[in-house]
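Below is one structure, written out as C-alpha cells, with a few remarks after it.
Protein chains in written order, with this note's numbering: chain S, 39 to 327; chain R, 2 to 850.
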C-alpha cells in the first residue's frame, strides 16, 4: 500500500473549467471545480446526464484537455500537474498511476482476458513479460475469473467483462482507480457485486477510487459523494468511512476505524460484503455553492 | 469458496456454452511462445479480418506484380536480347551487292579493318508443302561452307544444321509461315520460269542476326552453294556479312569502316546496292522494344500509384475502425510511438504477405513476357532466373508503397487523443472544415450538405421531389470526402487509362489506315525482269476482275551526310506522278510532278538526320553508284522500316534507269477491294503470268505487308489492354473496399433506418445508389482525363513504333465499354456490402461497435 503524507491530498482540482465549442456555440461543461481527494477514499460523483460528471473524470484522468485550472496528483512520491504533461507523458503516467474502468468495459476484443490484463504492463514496461503473465493470472484470480483466462471478451458475460476491466485497471498496481458508470450497463444484481469489488479494493487493497454514476441509490455506499449539476458541485456528503478507508486530506475527519477488522474477518478473500452491512453513516453535508 | 465468491460465480453466467469448448478460447502461440500482448494484437489484426487483409494484400500485390513483371522483363530482355544477338556474331556491316565472286570476298577479308567476312547468295523463292495450294515467299540464303560459318551464326534446333546438296534447312520462323512443314518432309519450290523443284527439309535452325532489324521480313531458308544451279540461280554471291576488327559497338566507327569498304569495292568495279550497319551488342530493335517496355513500365508505375491510393483508403478505414483500440491502448499507458510502431508493423506485415504472393508470380510473369517478346523478335533468353533488380524493386514497392500510403493514417491514428478515439470520432476535423450556415435551423453545417439542402429545396419548390433514399445516398457519398477522393482518383485513373487504350488502338489503326493509302493497289506484282507497261496491261486485263494497272519503278540508294558518308539506305519508289494508287499524307510541300527531275518527296524520318529540312532544300544521295543532289519537294508521313522512303515520278526515274515505258513493279486495281478477293486475284494473276512465261518474282495482295504490321500493333495493344484491365481491377477493388467500409461504418445508422421502417430493398437501394453515384462521378472525370492520357499514350507509342507523332483519333467504344463496366462494377461492388447490411437484424446493428 503506498504511503501518503497525511497533510497532502492525493488528488487536487483547482478551479477546473472545461468549455466545449460546438456547432450550437460554446458549452461550459465544468465551471471552476475545486476538489480534494485523499488516500483510501471511495468518492462517488453523482448527477444527471450531461451534468459534467464524466467531464470531471476526464479532467482527472487527463484524457481530455483542461480549459483552465489545474489537476494535481500526488502519487509515487511526487506531485504531478497532469495537464502540464504532454500527451505521451500523460499516457505513461496514467498507465502507472491510474486505473480506469468504463461502463463499456473497453476490452480489446482480439485479446484474451489475460492478454488484456497484460497489455498495460507491456506498454508501461513495469513488469517483465513472465512476471506480467503471472501478475495477470493473480489479478484474474482476484476477480475470480482465472479459469476464463484464455477466453476472448466476447465469450464472457458483461459482469465478467467488467471484472476483467477492473483487473486490467489494477495491472500496474496504481494507487488510484477511476470508474465511469462501471455498473451502468449491468443488471442490478451484477452491478451490486461489481460495486462490492470496488469496495473491497478500497478497504483491503488501499486503493483510492473515484466513481461516476447517475444512480443516486448508490450514494450511501461511497465514503463521500459529490453531486454535480450544470458543471458545478452542488452537494457533498461525507460519511464516516469504514476502517482503513479514511480520507486523509487536511480538515477531513475520520471515523469508524474499529469496525474494519471485524467486518473483514467475516468476509471472503476479496472482502466482499453486502452494502448494508458495511455502512455506518455519519453524514456531513455541505452546500458548496 | 466463500459466500461472496459463490454469489459472484452463480450470478455471472457466461454468454456462450461450456467454457471447455474451444469457441471462446484462444490457445494459440502464446502457449509455446510468450508474445507481448501488443504484438498479439497486431497478429490478430492481421489474421482476424481476412477480407480486409486480403483486400490490402491484393492491392499491394497487384502493384508489386505489375512492376515486377515489367521490370523483370525489361531487365531480361535488355540483357538477353543483346547477349543473344551478340552471341551469334552478328555482322556489323551488311552489303547487298551485284553478283560477285570469291576474289571480291578475299579482298574484303584482307581489309585491315575487317575481322570476319562471309559471302552468301540471298534470293526470294516461293515454297509450299506438296499437295497444298498456298505459296509462301522465303528468302533463301546460300552458304559456301556451313562448317566455316563465323558470322551471323546459325543455331541448330532440330535435325541437321548443315544441309547437303539439294537439301534445305529452315529458320524456325518459317514454321509459322509454311503450314504443315516438318523435318524430313519435302517442300516444293517454284522457280522464276514456273517450274517446280522439290527438296527435303533436313533441319531447323535459328538465325538471330540475319534480318534482325526487320520484323516484317520474309522467313529464311538455307542451302549450299552447289544447290543454286538446281534452283536456277547463278553460282555467285550477292551479300557480304562482315564484322569490324575493332569498335563493333561504335556505330560511327562501323559506318566509317563500311563506307570505306564500299568505296574500295566500287573502285574495284563491284556494285554495292545498299549497306546496313549494326552494333555487335545492340539488337537492331532494342530501341523499339525498350520504348514499348517503357510504356508498359509507365503503366506499371501508375498501377502501383493507384494501388497505393487503394491501400491508403483501406488503411484509413482500418485505423478508423481501430480508433477505440487505440483509445484503449493509450488509456492504459500506450504512447504515441508504441501505437505508431504497432500499426507500422501491421502495414509491413501486409507488405510482406503481398510480396510472398506477388514476387514469385511477378518473376514468372516477367519471364513469360520476356519469352513472348523474344519469340516474336527471334532471340533467345539465357534461361529462367530471378532478376535481382526486379526483385529489389518489388521488395521496395511491396514495403515502401504501403508504408508511404499508410503513413498519414497511422500518424493521424497514433496522434488521436484518447477521448476522440474512444468516442470514435475521427471524421470530426473533416466535417468541421468549410462549414456553411443553415438560415432556417441556425446550425452550422458542411457546405456540401448546405448546397444539397438548397438544391433539394429549390427542386421541391418547383414540384420536383427527389426520393428521400436517393438524397440519403447522395449525402452518404460525400460524407467521407478524403475516402471519396481517393476512391474517385483510383477509379477515374483506371477508367481514363482504359478509355485511352481504346483510343490509342483506334489511333494506331487509323494511322495504319492512312498508311494504307500508300498501298491503295489491290494486287502488287513484282517481276524479276522489266516488262513493257503496255504488254503487262494487255495481259492482266485478261484476268477477270482486274480493272486497271500501273507500272512503278524503284531505285535503291543511300542518303548521305554533308561529307558524303552513308547515313541510311534510301528506297525511292517511282509511281506515275498522276497515280491514283497513292494518297500521301503530306506534312510539308507538295507531291511529285511529272516534270520533276532529281526532285523527290521524302518521308518524315529524314528529319531525324536533317531536323531543319524543308521543301526546296537539297539532299546528297547516292543512286546507281552516282553521288547526286536531289531537291526535296515535299515531306510525308510514313512508317520507315529498312531504310528511308522517298517518292520520285516514274517519268523521271524510268529514264534514269533506262527503262522508259517499262517496269519491274506493277500495281493493279480489282473490282473488289477486300483481302480475300485480293489474295484470290494475286494467286490467279501469278499463275496466269507464269503460264504466259513471265518471270514473276512475287504476286501478293496490296495490303499484305500492311496487315502484318497491324498484327504486330495488335500485340502491343493487347499488352496495353492487359495493363488497362489491371488498372480497372484496382479501381473496382477500390470501390468495393470503399463501399464495404462505408457500410460497415454506418451499420448503426442502417439499423436506425431499419428500425424506423426501411425494408431490405430500401437499405440495398440506398447503398447501391451510393456506389453508382461514385461510379458515375468517376466516369465523368475519366472522360475528361482520358483526353490528355490518349494524347500522351498515343505520342509515346507512335514515337516508339513509327518514329513520328501521329494524329489522335477518339472512339466511343472505350467510353461505352467503360460506362458499362463502371456501372456494373459500382453495382456489384455495392451489392455485397448492401446485402450484408440488409441481412443484419436491427438488434445486431444497434449493438454494433
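Using N, Cα and C, we set each Cβ at its ideal position, and we do this for glycine too.
In this text, all values refer to a predicted model and were calculated from it rather than measured experimentally.
Item	Value
Within chain S, partners of residue 49 (chain R) - CB distance below 8 angstroms	148
Nearest residue (CA-CA) to residue 416 (chain R), options R:54, R:651, R:786, R:321	R:321
Residue 82 (chain S) - partner residues in DSSP beta bridges	S:249, S:263
Chain-ordered chain R contacts of residue 144 (chain S) [CB-CB under 8 angstroms]	325, 328, 329, 332, 423
Opposing strand residues paired with residue 96 (chain R) [DSSP bridges]	R:241, R:276
C-beta atoms of residue 156 (chain R) and residue 184 (chain R) nearer than 8 angstroms	no
Buried/exposed call for residue 320 (chain S), threshold 16 Cβ in 10 Å	Unreliable placement is indicated for residue 320 (chain S), whose pLDDT of 38 sits below 50; no coordinate value is reported for it.
Residue 628 (chain R) (DSSP reduced to helix, strand or coil)	strand
Separation of residue 153 (chain R) from residue 175 (chain R), as counted between CA atoms	17 angstroms
Contact with chain S by residue 322 (chain R), beta-carbon distance below 8 angstroms	no
Where the beta strand (DSSP E) containing residue 72 (chain S) begins and where it ends	63-75
Within 8 angstroms, strictly: CB atoms of residue 123 (chain S) and residue 214 (chain S)	no
Cβ of residue 237 (chain S) within 8 angstroms of any chain R Cβ	no
Cβ-based neighbour list, residue 161 (chain S), same chain, cut-off 7 angstroms, excluding 5 preceding and 5 following	133
Min CB distance residue 111 (chain S) to chain R below 8 angstroms	no
Contacts of residue 42 (chain R) in chain B (Cβ-Cβ under 7 angstroms)	No chain B appears in this structure, whose protein chains are S and R.
Proximal chain S residues relative to residue 45 (chain R), where beta-carbon distance stays under 8 angstroms	148, 149
Sequence-distant residues of the same chain with beta carbon closer than 7 angstroms to residue 200 (chain R), five excluded per side	167, 168, 169, 187, 188, 190
Identity of the residue in R:241, R:651, R:735, R:131 nearest residue 594 (chain R) by Cα	R:651
Residue 452 (chain R), buried or exposed, once every other Cβ within 10 Å from all chains shown has been counted against 16	exposed
7 angstroms CB neighbourhood of residue 189 (chain S) in its chain, flanking five on each side removed	150, 151
Neighbour-count burial assignment, residue 553 (chain R), 16 or more Cβ in a 10 Å radius	buried
Opening and closing residue of the alpha helix (DSSP H) in which residue 365 (chain R) lies	337-378
Among R:331, R:291, R:655, the one whose alpha carbon lies nearest that of residue 596 (chain R)	R:655
The beta strand (DSSP E) enclosing residue 138 (chain S), as first and last residue numbers	136-140
Spatially closest choice to residue 115 (chain S) from S:86, S:131, S:93, S:272, by CA coordinates	S:131
For residue 204 (chain R): DSSP bridge partner residues	R:160, R:170
Selection of the region 127-139 of chain S by Cβ proximity to chain R, strictly under 8 angstroms	129, 130, 132, 133, 134, 138
Short CB-CB distance (under 8 angstroms) between residue 94 (chain S) and chain R	no
is_contact[residue 419 (chain R), chain S] using C-beta, thresh 8 angstroms	yes
Backbone CA spacing between residue 90 (chain S) and residue 331 (chain R) [nearest angstrom]	23 angstroms
Boundaries (first-last residue) of the beta strand (DSSP E) holding residue 553 (chain R)	547-561
Distance CB(residue 797 (chain R))-CB(residue 296 (chain R)) smaller than 8 angstroms	yes
Alpha-carbon spacing of residue 639 (chain R) relative to residue 158 (chain R), whole angstroms	37 angstroms
Beta bridge counterpart(s) of residue 214 (chain S) as assigned by DSSP	S:136, S:246
CB contact check: residue 53 (chain R) to chain S, cutoff 8 angstroms	no
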